[in-house]
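Student:
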Amino acid sequence: MTEVDELDVNPIFRALQKQHQDLYDKAQENCYIVCIPQTSSLVNISVTKELIATHILKPSPYFKSQYQTLHSPHKVVQLEENGKEFRTVEGFSEEHIVKILNEELGYNQDFKPYKILILECPFNPSLKGKAAVSNTTDASNGFSAFQTYAESISFLKSFAEYTMVLRQVEENLKQFNANYMILKDYFSEVEDKLKSLCQQVSQDCLRCSKFAREQDPKFREALDFSVENYIMGAVHKKVFSVIKEAFEEDDKLLFTKCKQLHNVTAQQLGVNKKIACPLPQAVVELANLDRLQTPLEKLYCLKSTIDNASQTIQKHLEENRAPSVSTAAEEGYCLTSDDLIPILVTVIAQAQCRYFASNLQYIESFHWASEANDRGNLSYCLVTFKAAVEYMKTTSFDDMERQPSLKREISLEELRRATSGPISGEFNSSITGSTTSQSAGSHYDRQLERISQMLKASNDELRNTEKSKTPHHRSIFGESYERLQNPHKETSEKKKDKEDLGDFLTSLQNDMFGMNFGKQS
């Protein structure tokens, strides 16, 4: 959280501006240092005028780097040489160190600057211990900004004081699902109604909360996220069905584009070859998007997809870096938006979500909790995916589709067809002295063995970035497949006869070695 956010919710700073304005005016006029212990360190602590005055510092007339508090000249603290922490010198129960977390400049009416310092804890050690005990209890509640729909329900129901509020919300949601009519041309009214309900429920819960929780910004953020998750999860089926109807054409267009781009690599889209690599984890993460219910869950799915892609690319760079020739620029490669957008295009294409356009609209229209504090850069993730979708919708990939996919992995369907195909007559007639079942079993063993060899060769080819492309080659395994064949035992007539089957399936139906593999009876 930034300093501005901290000051907005900090009970000492709020009291300084409202109840004790005289102290604040005096500090500004004399350019004293205003110290504000962070909000989380003030849990269960009463904010008094004495406490506030103890955290306003004026320079000591006796020693450099020492400061007297406005409450008493006998309470002295010293700024350490590193400039990052204070040490209590006299007037306190014991000596201890207080870290400076952040610094902000303010200006008085004469435009003279004064400092506002965010401290780790109060100067008084006894208050620190009291807050620490309370914080330990609160920390066990696990206030987390992001929670799933199920976790959000459990979080809200864990507070007994919210029982009446949640009971009323549940009744309102039942009426909404049963009676409210959603028209696809009037989404704004639905957005306003649900947003207003989320805000009202959060305020009602805070009014029921203990004062300490109300002042904790992390708790308030977790509460806002949980309330939104709870409400949107309850109305998801009703709302999302109308969104899918409104964006049906966009969903179909994107799904068609995904099929066209399924075998296109990021390098073909103009991405630097140094960072063009398979992103299976990102694809698996994004493929989960349609299954999620709330806008917040879906938004974090987008964020996790980008995080996984970035981590995989970084790992790829590290694995393929040549230490002897690497430069500082290569070691600190920065993934830009120009790189990220086409990379996400390939991830979207492989994930093949059927309602991707609807999901983006659902997130954009019905997520509000992170508007005030977007600490996870969630809005950046959404905008980046929208840019990738716009690129897909407005770009023609017809020419790119005709390019050979040299690095495509074998699909599950192809593997199934290859291993379950009929045994060729040529193979059976070439083997004598064995039963039909033995021939079939040994043939499958050999097929699996050869497929394993070719998959290994295909994987090796992926790592060899300096091999030249061979556009005329039609095999899904590239050049390494050719090395497994014996060109002297194939005639041009056989190639012509088998051309319709393709290189891969034809090879599986020809026995080039005339011998069995595997266990023989």
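The numbering of the sequence shown is this note's numbering, which starts it at 516 and goes up by one. Every residue gets a Cβ at the ideal spot worked out from N, C-alpha and C, and that includes glycine.
#1: Could you spell out the range, first to last residue, of the beta strand (DSSP E) harbouring PHE601?
#2: Whole alpha helix (DSSP H) runs in the region 756 to 809 with 4 or more residues, listed along the chain?
#3: Counting only runs of 4+ residues fully inside the region 560 to 626, write out the alpha helix (DSSP H) ranges in chain order.
#4: Counting only the same chain and skipping the five closest in sequence on each side, list residues whose C-beta sits under 7 Å from that of GLU600.
#5: Using the C-alpha atoms, what's the distance from LEU557 back to TYR547?
#6: Can you pull the DSSP bridge partners for VAL549?
#7: Does the Cβ of PRO810 have 16 or more other Cβ atoms within 10 Å, making it buried, or fewer, making it exposed?
#8: Tell me which residues share the same chain as GLU760 and place their Cβ nearer than 8 Å to its Cβ, disregarding the 5 neighbours each side in the sequence.
#9: Please classify GLY785 as buried or exposed, where buried requires at least 16 neighbouring CB atoms within 10 angstroms.
#10: If we count the other Cβ atoms within 10 Å of its Cβ and call it buried at 16 or more, is LEU572 buried or exposed?
#11: DSSP state of ARG529, grouped into three classes?
#12: Go ahead and label ALA903 buried or exposed: buried means 16 or more other beta carbons lie within 10 angstroms of its beta carbon, across all protein chains shown.
#13: Among the candidates GLU609, LYS579, GLU618, CYS550, whose CA atom is the shortest distance from the CA of LEU585?
#14: Around the C-beta of TYR895, are 16 or more other C-beta atoms found within 10 angstroms, so that it is buried, or is it exposed?
#15: Using DSSP with H/G/I as helix, E/B as strand and the rest coil, what is LEU698?
#16: Could you tell me the distance, in whole angstroms, from the CA atom of ALA781 to the CA atom of ASN892?
#17: With burial defined as no fewer than 16 other Cβ atoms inside 10 Å of the residue's Cβ, what is the status of ARG735: buried or exposed?
#18: Assuming ASN635 contacts GLN553 under a Cβ cut-off of 8 Å, what Cβ separation, rounded to an integer in Å, is found between them?
#19: How should GLN683 be labelled, buried or exposed, when 16 other C-beta atoms within 10 angstroms of its C-beta is the threshold for buried?
#20: Three or more beta-carbon pairs under 8 Å between the region 869 to 889 and the region 755 to 770, yes or no?
#21: With H, G and I counted as helix, E and B as strand and the rest as coil, what does DSSP make of ASN639?
#22: Can you tell me which of LYS788, ASN803, TYR815, VAL860 puts its alpha carbon nearest to the alpha carbon of ILE828?
#23: Taking the alpha carbon of PHE740 as the reference point, which residue from LEU531, GLU812, ASN559, ILE567 has its own alpha carbon closest?
#24: Applying the criterion that 16 or more other CB atoms from any shown protein chain within 10 Å of the CB defines a buried residue, is TYR745 buried or exposed?
#25: Among the residues of its own chain, which have a CB less than 7 Å from the CB of PHE900, if the five just before and after it don't count?
#26: In the structure shown, what three-state DSSP assignment does CYS816 receive?
#27: Of the choices PHE881, VAL604, GLN624, whose alpha-carbon is the least far from that of ASN639?
#28: Consult DSSP for GLU704 and reduce its assignment to one of helix, strand or coil.
Tutor: On the basis of the coordinates in this document:
#1: Within the sequence shown, numbered from 1, the residue matching residue 601 stands at position 86. 600 to 605 is the extent of the beta strand (DSSP E) around PHE601.
#2: Runs found: 763 to 775, 795 to 801.
#3: Listed in chain order, the alpha helix (DSSP H) runs fully inside the region 560 to 626 are 564 to 569, counting runs of at least 4 residues.
#4: For the purposes of this step, residue 600 is taken as residue 85 along the sequence shown, with counting starting at 1. Counting only Cβ-Cβ distances below 7 Å, and skipping sequence neighbours, we find ILE612, VAL613, LYS614, ILE615.
#5: Against the sequence shown, residue 547 aligns to sequence position 32. Against the sequence shown, residue 557 aligns to sequence position 42. Cα to Cα, TYR547 sits roughly 22 Å from LEU557.
#6: Locating residue 549 in the sequence shown gives position 34, counting from the first residue. Per DSSP, ILE571, ILE631.
#7: Indexing the sequence shown from 1 puts residue 810 at position 295. Counting every other CB atom within 10 Å of its CB across the protein chains shown gives PRO810 a total of 16 or more, marking it as buried.
#8: Start at 1 with the first residue of the sequence shown, and residue 760 comes out as number 245. These residues qualify, in order along the chain: LYS699.
#9: If you number the sequence shown from 1, residue 785 lands on position 270. Flag for GLY785 reads exposed.
#10: As a working note, residue 572 is residue 57 in the sequence shown. Counting Cβ neighbours within 10 Å, LEU572 comes out buried, since at least 16 surround it.
#11: Sequence index remark: in the sequence shown, residue 529 carries index 14 (1-based). Here ARG529 sits in helix by DSSP.
#12: Residue numbering aside, residue 903 sits at position 388 when the sequence shown is read from its first letter. ALA903 comes out buried.
#13: Taking the first residue of the sequence shown as position 1, residue 585 is located at position 70. Minimum Cα-Cα distance from LEU585 among the listed residues GLU609, LYS579, GLU618, CYS550 corresponds to CYS550.
#14: Counting from 1 along the sequence shown, the entry for residue 895 is found at position 380. Classification of TYR895: exposed, given that the 10 Å Cβ count is below 16.
#15: Residue 698 sits at position 183 when you count from the first residue of the sequence shown. LEU698 falls in the coil class under three-state DSSP.
#16: Position 266 of the sequence shown, counted from the start, is the residue given in the question as residue 781. Position 377 of the sequence shown, counted from the start, is the residue given in the question as residue 892. Counting only the Cα atoms, ASN892 lies some 24 Å from ALA781.
#17: Here residue 735 refers to the residue found at position 220 of the sequence shown. Under this definition ARG735 is a buried residue.
#18: Taking the first residue of the sequence shown as 1, we reach residue 635 at position 120. Taking the first residue of the sequence shown as 1, we reach residue 553 at position 38. The sequence given here places Glu at residue 635; Asn does not occur at that position. The Cβ separation is near 7 Å, so the contact holds.
#19: Here residue 683 refers to the residue found at position 168 when the sequence shown is read from its first residue. Around the C-beta of GLN683, fewer than 16 other C-beta atoms lie within 10 Å, and the residue is accordingly described as exposed.
#20: Counting Cβ pairs under 8 Å, three or more are found: they touch.
#21: Within the sequence shown, numbered from 1, the residue matching residue 639 stands at position 124. Looking at ASN639 - three-state DSSP - the assignment turns out to be coil, as it is neither helix nor strand.
#22: Reading the sequence shown from its first residue, position 313 is the one you call residue 828. The candidate whose alpha carbon is nearest that of ILE828 is LYS788.
#23: Working through the sequence shown from its first residue, we reach residue 740 at position 225. Checking every option, the nearest Cα to that of PHE740 belongs to GLU812.
#24: Taking the first residue of the sequence shown as position 1, residue 745 is located at position 230. Classified as buried, TYR745 has 16 or more neighbouring CB atoms from the shown chains inside 10 Å of its CB.
#25: Here residue 900 corresponds to residue number 385 of the sequence shown, with the count starting at 1. Around PHE900: LEU817, LEU859, LEU875.
#26: For this step, residue 816 is matched to residue 301 along the sequence shown. Correct three-state label for CYS816: helix.
#27: Residue 639 sits at position 124 when you count from the first residue of the sequence shown. Among PHE881, VAL604, GLN624, the Cα nearest to that of ASN639 belongs to VAL604.
#28: For this step, residue 704 is matched to residue 189 along the sequence shown. DSSP places GLU704 in helix when its eight states are reduced to three.
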